[in-house]
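At position 137 of the sequence shown the residue is numbered 510 (the working numbering), and the sequence of numbers has no breaks.
Here's the structure we're looking at; comments come further down.
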Amino acid sequence: MAEVLGATFLFSGVSSEEITGIIREFSCEEKSYLKGEVIFSPERFERVLGVVLSGRIAVTKGRLSVSELSRGSLFGAAALFNNEPEYASTLTAKTATTVLFFSQESVLTLINRDERIRMNYIRYLSARIRFLSEKVDTLGEISSERKLGRFLLKNADDNGRVNGCNFSEIAGRLGIGRASLYRELTKLEEVGVIRKDRSGVEILDSEKLSQP
374 MAEVLGATFL FSGVSSEEIT GIIREFSCEE KSYLKGEVIF SPERFERVLG VVLSGRIAVT
434 KGRLSVSELS RGSLFGAAAL FNNEPEYAST LTAKTATTVL FFSQESVLTL INRDERIRMN
494 YIRYLSARIR FLSEKVDTLG EISSERKLGR FLLKNADDNG RVNGCNFSEI AGRLGIGRAS
554 LYRELTKLEE VGVIRKDRSG VEILDSEKLS QP
């Protein structure tokens, strides 16, 4: 548990011994969820900060797939210190999942007394703002082809590959229909910009793919 927490934004630079002491001091709550179980929803949530210890969580807003959380991911910051009556999204366990929760009071105490954790939390919030800004930019694109191009470039590895593609999930993330996604993939493949195979997508011409 301390190893997972030590790899998160929040506890960067904090030793395993210190993290173990924090877990004991604040009596953090560990919860397990079955595949398909809703963890938080707009109507049912707690003002806590969650850390995913194992498993995967789908983050959705209505029918739109926003992101996926996995081991070491944090969630709950948006609701932790505000008085909004609804949670911003729905979190659903995609697999059997275990989460460690820090109460609002615990987080407040930690950021007040430890400068490292305070700065880590500020950096984490800044990163979330940037992520959401990029998400808005992507959803605001008129062209489905442009949305897809940006997604592939952002998620490609050093060899220009996007592996393990679930095209239904990608369509949800981009806010376009599956038929539109397949159509755009086919168009890009026909002009030699990408190549699809069973394991994913290979980018053959990143320059063309990045053009508006």
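For glycine and all other residues, C-beta sits at the position ideal for the given N, C-alpha and C.
These numbers were taken from a predicted model, which means no experiment stands behind them.
The beta carbons of residue 386 and residue 503 sit about 21 Å from each other, so the pair does not count as a contact at 8 Å. Taking 9 Å as the cut-off, the Cβ atoms of residue 575 and residue 533 count as close. A straight-line Cα-Cα distance of about 5 Å links residue 493 and residue 383.
Scanning its chain for C-beta atoms nearer than 7 Å, with the 5 sequence neighbours on each side dropped, one finds around residue 535 the residues 525, 528, 529, 573 and 574, in chain order.
When the alpha-carbon of residue 407 is set against those of 466, 415 and 439, the nearest one is in 466. Residues 459 and 460 of the same chain have their beta carbon placed closer than 6 Å to that of residue 415, with the five preceding and five following residues left out of the count.
Residue 583 and residue 505 have their C-alpha atoms spaced approximately 21 Å apart. For residue 436, there is no enclosing alpha helix (DSSP H), since its DSSP letter is neither H nor E. As computed with DSSP, residue 406 is found in a beta bridge with 470. Residue range 540–547 is occupied by the alpha helix (DSSP H) that includes residue 540, with no beta strand (DSSP E) assigned at that position.
Under a 10 Å Cβ-count criterion, residue 546 is classified as buried, with 16 or more other Cβ atoms of the shown protein chains found around its own Cβ. Contact annotation, residue 553 with residue 517: C-beta distance approximately 5 Å; criterion of less than 8 Å satisfied. Per the coordinates, the alpha-carbon of residue 403 lies some 47 Å from the alpha-carbon of residue 580.
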